[in-house]
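In the numbering used here, the protein residues as written are 57 to 356. We treat Cβ as the ideally placed atom computed from N, Cα and C, and that holds for glycine. In this text the structure is predicted, and so the values were computed from the model without any measurement. Input: a single structure, listed below in structure tokens.
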């Protein structure tokens, strides 16, 4: 700020003892006016238009997993699936304990008196006649027809050359099945049957059945039951058992020596059929009567 003339004269009078050049310097140094090149900001302008949407940025890194959500409600029960294949027959279970003894029945009515001596004589004569008839039937079966039998079955050697499938059908038409040697005694009886007939081999009711799940095969009897407890494979078959024999070699033959061997199913040879003996009528429905049955109709 500059001084006025009065203020300057007054100052000069008061400071007359100060040199003149010093007064001039003080006058210059007290001036507050300063020049500057700085630009003062103007008023704020209007807001500009919104720009276009930019390109999508790069995918960022996966963040940390979030907390587990609340457990949802249980879904509806699905439909029942398809029924699976029937599994193999299991082993026979342990025989159960005998049941309790039942109550005694009511007392029966008194019987009528009869001439028992005469009826005993008639019954005795019938037993003799039945015995003769039984022997005649046995002679017919064993000598004329050449049948072999066990306590439960008859065996017939059919001397007709047929392929395996034809032989199986032939036995079914006769009322039986291809013979199934399930025990060593039955196998020995059938082997002697073949040997006595002067033959070397015959078809029996054993065949390899393929497994769809793993491609292997297992042997089953003609009634679809698996081999259990007894087999009579030859030494060669025992040392080199086929994991999955070819389809045309999945049939089995019985040699006169009593051993089994694989054979092509298209081969034509004789065969043995077996027939179950009919059970005696009147045996309990619970299977209690397993006595010797009456002979079944003789196969033609």
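By the criterion of at least three beta-carbon pairs nearer than 8 Å, the region 247 to 263 is not in contact with the region 107 to 118.
Under the 10 Å beta carbon count, residue 263 is surrounded by 16 or more other beta carbons and is classified as buried. Listed in chain order, the non-local C-beta contacts of residue 311 below 8 Å within the same chain comprise 247, 250, 256, 257, 290, 317, local neighbours out to five positions each way being set aside.
Judged by beta-carbon spacing, residue 326 lies beyond the 8 Å limit of residue 204, meaning their Cβ atoms are not closer than that value.
Under the DSSP assignment, residue 281 falls outside any alpha helix (DSSP H); it carries neither an H nor an E label. In the DSSP assignment, residue 253 falls outside any beta strand (DSSP E), carrying neither H nor E.
Counting every other CB atom within 10 Å of its CB across the protein chains shown gives residue 116 a total below 16, marking it as exposed. Note on geometry: alpha-carbon atoms of residue 244 and residue 181 lie some 39 Å from one another. Checking the DSSP bridge columns, you'll see residue 205 partnered with 210. Measuring C-alpha to C-alpha distances from residue 217 to each of 101, 322, 330 identifies 322 as the nearest. Inclusion of residue 253 and residue 189 in the CB contact set at 8 Å is not warranted, their separation being larger than that value.
By the Cβ-count criterion, residue 324 is exposed, with fewer than 16 other Cβ atoms from all chains shown falling within 10 Å of its own Cβ. By the Cβ-count criterion, residue 259 is buried, with 16 or more other Cβ atoms from all chains shown falling within 10 Å of its own Cβ. Out of 295, 261, 292, the CA that lies nearest to the CA of residue 283 is found in 261.
Where residue 310 is concerned, the enclosing beta strand (DSSP E) starts and stops at 307 to 311. Taking a C-beta distance under 8 Å as the contact criterion, residue 286 and residue 209 do not qualify as a contact pair. Secondary structure of residue 115 (DSSP, three-state): coil. For residue 328, same chain residues with a beta-carbon under 8 Å away, outside a window of 5 residues either side, are 211, 212, 213, 214, 234, 235, 246, 249, 250, 258, 259, 260, 310 in chain order.
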